[in-house]
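For the sequence shown, full-length UniProt numbering assigns the number 1 to the initial residue and increments by one for each residue that follows.
Here the structure comes first, spelled out in structure tokens, and everything after it is commentary.
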Amino acid sequence: MYNACKDVEAPSSNVKALGLLCGKDVRECNATNWIQYMLNKDNGQTPFNMIPIFSDVSIHGMTPMNNATKGCNESMDDVTGPCSCQDCSIVCGPKPQPPPPPVPWLLLGLDAMYVIMWISYTGFLLVFFAAVFGVWCYRKRHFVSEYTPIDSNIAYSVNLRQNTGEATWCERLGERFENVLRVTFTSWGAFCVRNPRPVVLFSLAFIAMCSSGLMFVKVTTNPIDLWSSPNSEARKEKEYFDTHFGPFFRTEQLIIQAPNAKPEIYSPYPSGADIPFGPPLTKDILHQVLDLQNAIENITASYKNDTVMLKDICLAPLAPSNNNCTILSVLNYFQNSHSVLDHSIGDEFFVYADYHSHLLYCVRAPASLNDTTLLHDPCLGTFGGPVFPWLVMGGYDGENYNNATALVITFPVKNYYNDTEKLMKAQAWEKEFISFVKNYNNSNLTISFSAERSIEDEIDRESYGDVGTVVISYAVMFVYISVALGHIKSAARFLVDSKISLGVAGILIVLSSVACSLGIFSYFGVPLTLIVIEVIPFLVLAVGVDNIFIIVQTFQRDERLQGETLDKQIGRILGDVAPSMFLSSFSETVAFLLGSLSTMPAVRTFSLFAAVAVFIDFLLQITCFVSLLGLDIKRQEKNRYDILCCIKGGEEINSVQHSESVLFLFFKNIYSPFLLKDWMRPIVISLFVGVLSFSIAVANKVEIGLDQSLSMPDDSYMLDYFSSLSKYLHAGPPVYFVLKEGHDYTTLDGQNMVCGGTGCDNNSLVQEIFDAAEINSYTKIGYAPSSWIDDYFDWVKPQSTCCRIYNTTGQFCNASVVDPSCVRCRPLTPEGKKRPQGEDFMKFLPMFLSDNPNPKCGKGGHAAYSSAVNFINNSEVGATYFMTYHTVLKTSADFIDAMKKARVIAYNITKSMSTEEKSYHVFPYRYVALSPPLFPPPPTKYLHIQSVTGCFFL
1 MYNACKDVEA
11 PSSNVKALGL
21 LCGKDVRECN
31 ATNWIQYMLN
41 KDNGQTPFNM
51 IPIFSDVSIH
61 GMTPMNNATK
71 GCNESMDDVT
81 GPCSCQDCSI
91 VCGPKPQPPP
101 PPVPWLLLGL
111 DAMYVIMWIS
121 YTGFLLVFFA
131 AVFGVWCYRK
141 RHFVSEYTPI
151 DSNIAYSVNL
161 RQNTGEATWC
171 ERLGERFENV
181 LRVTFTSWGA
191 FCVRNPRPVV
201 LFSLAFIAMC
211 SSGLMFVKVT
221 TNPIDLWSSP
231 NSEARKEKEY
241 FDTHFGPFFR
251 TEQLIIQAPN
261 AKPEIYSPYP
271 SGADIPFGPP
281 LTKDILHQVL
291 DLQNAIENIT
301 ASYKNDTVML
311 KDICLAPLAP
321 SNNNCTILSV
331 LNYFQNSHSV
341 LDHSIGDEFF
351 VYADYHSHLL
361 YCVRAPASLN
371 DTTLLHDPCL
381 GTFGGPVFPW
391 LVMGGYDGEN
401 YNNATALVIT
411 FPVKNYYNDT
421 EKLMKAQAWE
431 KEFISFVKNY
441 NNSNLTISFS
451 AERSIEDEID
461 RESYGDVGTV
471 VISYAVMFVY
481 ISVALGHIKS
491 AARFLVDSKI
501 SLGVAGILIV
511 LSSVACSLGI
521 FSYFGVPLTL
531 IVIEVIPFLV
541 LAVGVDNIFI
551 IVQTFQRDER
561 LQGETLDKQI
571 GRILGDVAPS
581 MFLSSFSETV
591 AFLLGSLSTM
601 PAVRTFSLFA
611 AVAVFIDFLL
621 QITCFVSLLG
631 LDIKRQEKNR
641 YDILCCIKGG
651 EEINSVQHSE
661 SVLFLFFKNI
671 YSPFLLKDWM
681 RPIVISLFVG
691 VLSFSIAVAN
701 KVEIGLDQSL
711 SMPDDSYMLD
721 YFSSLSKYLH
731 AGPPVYFVLK
741 EGHDYTTLDG
751 QNMVCGGTGC
761 DNNSLVQEIF
771 DAAEINSYTK
781 IGYAPSSWID
791 DYFDWVKPQS
801 TCCRIYNTTG
811 QFCNASVVDP
821 SCVRCRPLTP
831 EGKKRPQGED
841 FMKFLPMFLS
851 DNPNPKCGKG
861 GHAAYSSAVN
871 FINNSEVGAT
881 YFMTYHTVLK
891 TSADFIDAMK
901 KARVIAYNIT
911 KSMSTEEKSY
921 HVFPYRYVAL
931 SPPLFPPPPT
941 KYLHIQSVTG
951 CFFL
């Protein structure tokens, strides 16, 4: 009998059923202690103790039971079939094996890319230096250096043009285009210098008009809106899930350590090996943590004059019969009560049972109503569900939960789709929660914490927090420009030769181009992102300052020609440098516009804003800045002070004297000649190719993914939370396999394609996920899925006490109701024992989904599956989901790999279900914003009550 039951899965909790019927961990369960627990009143269901006697011979005149038993691979009767593979390993055949890991690509026992690039680089060096040596020898015989005058006694010079024919059409076209640009910018520069006031006023009007769009600015910090394209498959799947099943609940979480506490040793009474308890599991610390937990429950927030508390927004799966909030905490083993935590049995000499023994029992049987110690306290949480130890403790080894070095408390909060008022209430409470925990002071506790809104809040804070950095950067650049642009001849001419006002103008032009870009897109409703706010000002500053130096320093190194006026001189200079500036700015703009083709919203938005900002910056520089440069030169020539232009210095000068900076002279006289030496050029090229080869060799080692800590400010409390999460994480996030509408659940074939119990297909949806969980190290699927349809079949069968209706009204009658008018939904006949089909399937399914679990029936589907089934017009089943959990995922690479594997599983399910006549679609859905929180399970089945069902079944 034990062998037939040991593999049976509890469909809703993803664990073995015997783990709940034994009162201890399933690995410690055997045939003997299973029967002993079932017949012991300590299980909370048996009315009195019954002592089983295990013997093959008669004792005290009692004959041992010798009833025939059936194996799990045998049918009980003509109606029911054998157990499925999920519940009976005998019928499964060979266990699925993961594919072998990809063989690393090796050459000579080393990474192939390294070897290939080393060989390629070595070959390049040999060929390159051989060619350089050959050319050097050839030049020695036939050429002079291109840097020395041509000697008529030597054959010829490299500067001697060998091709004396006509230019090609391409060269002529390029020359014409360059001449057009030169002439255009020359005329334009002269015009701007002659007419500075209209040009500046027009520029200011243009800036004001574009920047006015900032009144309509919107900033997005939602990670989903930033990184996920609205048209991406993942985004569409999220939208589908939210509209059909409701959004994933919000998570508020604490990770608590006790740095000042010491581990303690528990000595069980009357005998047993000493058991160590980690620092946070000492009674004093647990009391302090419970005080913190109770304080959080009492946090009060205000929203539109309404008071909001945790009880108003929390997840209460058994409401209205049980309105207690779901709190996943080790304190819920003690029903969140100080008195239960202090409960102990003993005398003046010994302590027979206390919180140590209760905790040790509950981590093995979290769904128990009675801990079987002398305390006889329940393990079940106040919300009516079990608290699994791997969700509420961290830092332990293996499954020795008593060694935990951290406690995890999770408050699931209801989320809302298209209900802004309720969502804002939840966010208002979360804001108070964050403030409370930040200011909570207890030297014995170290608390890392996160709320659902934390990541978005911190991204938003970083956006505004970097304003100071931008201001400081622009101030430093302003000082640098002011000093570098002005060539000070002497202290007496400092205020004349300085370029402070021109530097301010240049910085303001850069800022104006950024403001214009933001304003233009704000007119069209394009939201700003963190990248736009933080990066584009620096990007445009770099490009803008570069162009400012090119224009000003080219003028400073130029000498005015005989009879040339200032406007013509600046026009000539602009004609020389503006074509290069134009082509450079145009290339950058096009490059950014190409980046806007990306489907990732953050990248696309950044590219659009940057492209427009760079181009506007160029336009303002060749208009407004050129006019201001002309005014500044006139001021300097009239010997007027910078900034205080009304005050005149010494004598006027006809023109600004030609000057060359120290940096210019360094590059002209030292750096360039050195870099262009015959022996240096090959070295530079070989070093560049070496760096390129190394980069190519390691390019395939770059991991895809985003370290969530990089998106947070340096002083963010989330960094500590991410660190604790990585260190103490012992649970993976849930993953939902969604079967879209269109499947017929009312037919036997349709049911067999999905379910995982008796008579179901070996390649059914549930069975394929179960098979994937068998090789979890590869698939990252940790458990068999929760299956609403299998629980529904168990609930509706007439052998159970779950499905009952009033024989007078036909309305549902809960199993806890004592009323003679309540009768079974289906008769105890061979036909009634079969699965419901057709109208019967749809008739009783809503009753199942509205039924709360209770001591008489643990299969009620309200808590576990109320959102798992979507109805179409209340007459047929639409989309449904089957939930399971990933294995522990810590890094971005882990999450990406797990999702890839889940998609492969979903594709295989879709392929096995689809036929020539009809196709189906299954996709995996997992909600993870940026962080991988310790997702609590939905308070699923509360399987403590299944012990009664198990007894009756046996």
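No residue lacks a Cβ here, since even glycine has one placed at the ideal position from N, Cα and C.
Note on geometry: alpha-carbon atoms of Ser892 and Ser228 lie some 15 Å from one another.
Of the residues Pro320, Val392 and Ala426, the one whose Cα lies closest to the Cα of Ser302 is Ala426. For the pair Val193 and Ile570, the CB atoms are nearer than the 8 Å cut-off.
Annotation for Gly395: no beta strand (DSSP E) segment contains it, and DSSP assigns it neither H nor E.
Looking at Phe277, Phe388 and Met393, the one whose alpha-carbon comes closest to that of Asn402 is Phe277. Counting along the chain, the unbroken beta strand (DSSP E) around Leu739 starts and ends at Pro734 to Leu739. In this structure Pro579 touches Glu178 by the C-beta definition: roughly 6 Å separates them, less than 8 Å.
Membership of Tyr440 in any alpha helix (DSSP H) is not indicated, and neither H nor E is assigned to it by DSSP.
For Ser435, DSSP records no beta bridge to any residue.
In this chain, the alpha helix (DSSP H) harbouring Asp790 covers Trp788 to Val796. Cβ-Cβ distances below 7 Å link Ser716 to Glu458 in the same chain, with the five nearest sequence neighbours on each side left out; the list follows chain order.
Around Arg461, the same chain offers Pro713 as residues with beta carbons nearer than 7 Å, after the five sequence neighbours per side are excluded. The beta carbons of Val738 and Tyr881 sit closer together than 8 Å. Three or more beta-carbon pairs drawn from the segment 244 to 254 and the segment 407 to 424 are found closer than 8 Å, and the two stretches are therefore classed as touching. Annotated three-state conformation of Met600 is coil, per DSSP. Under DSSP, Gly246 forms no beta bridge with any residue. DSSP places Ala301 in the strand class (E or B) of the three-state scheme.
Under the criterion of beta carbons closer than 8 Å, Lys701 and Ala190 do not qualify as touching, at roughly 56 Å. Fewer than three beta-carbon pairs drawn from the segment 393 to 401 and the segment 374 to 385 are found closer than 8 Å, and the two stretches are therefore not classed as touching. Rounded to whole angstroms, the separation of the alpha carbons of Ile255 and Pro98 is 35 Å. Nearest C-alpha to Ile789 among Tyr114, Thr779, Lys859 and Pro827: Lys859. Ala353 is bridged by DSSP to Ile345. The beta carbon of Ala879 sits closer than 7 Å to those of His244, Val738, Leu739, Lys740, Glu741 and Asn870, all from its chain and outside the five residues before and after it, given in chain order. When the Cα atoms are used, Leu665 and Thr599 turn out to be separated by approximately 47 Å. When only Cα atoms are considered, Asp749 and Arg835 end up about 12 Å apart. Residue state for Arg824 is assigned as strand, using DSSP reduced to three classes.
At the C-beta level, Cys624 and Ile509 come within 8 Å of one another. The distance from the Cβ of Gln621 to that of Asn547 is about 5 Å, consistent with a contact at the 8 Å cut-off. Assignment of Cys72 by DSSP, reduced to helix, strand and coil, places it in the coil class.
Taking 8 Å as the cut-off, the beta carbon of Leu328 is found no closer than this to the beta carbon of Leu290.
With fewer than three CB-CB distances shorter than 8 Å, the segment 424 to 438 does not count as touching the segment 677 to 690.
In the DSSP assignment, the residues bridged to Gln257 are Thr446.
Here DSSP, grouped into helix, strand and coil, assigns Arg182 to helix. When Ser693, Ile781 and Gly705 are compared, the shortest CA-CA separation from Ala731 is found for Ile781. One alpha carbon belongs to Gly246, the other to Ser867, and they sit about 7 Å apart. Residue environment analysis places Thr168 among the exposed positions, since fewer than 16 neighbouring C-beta atoms fall within 10 angstroms of its C-beta.
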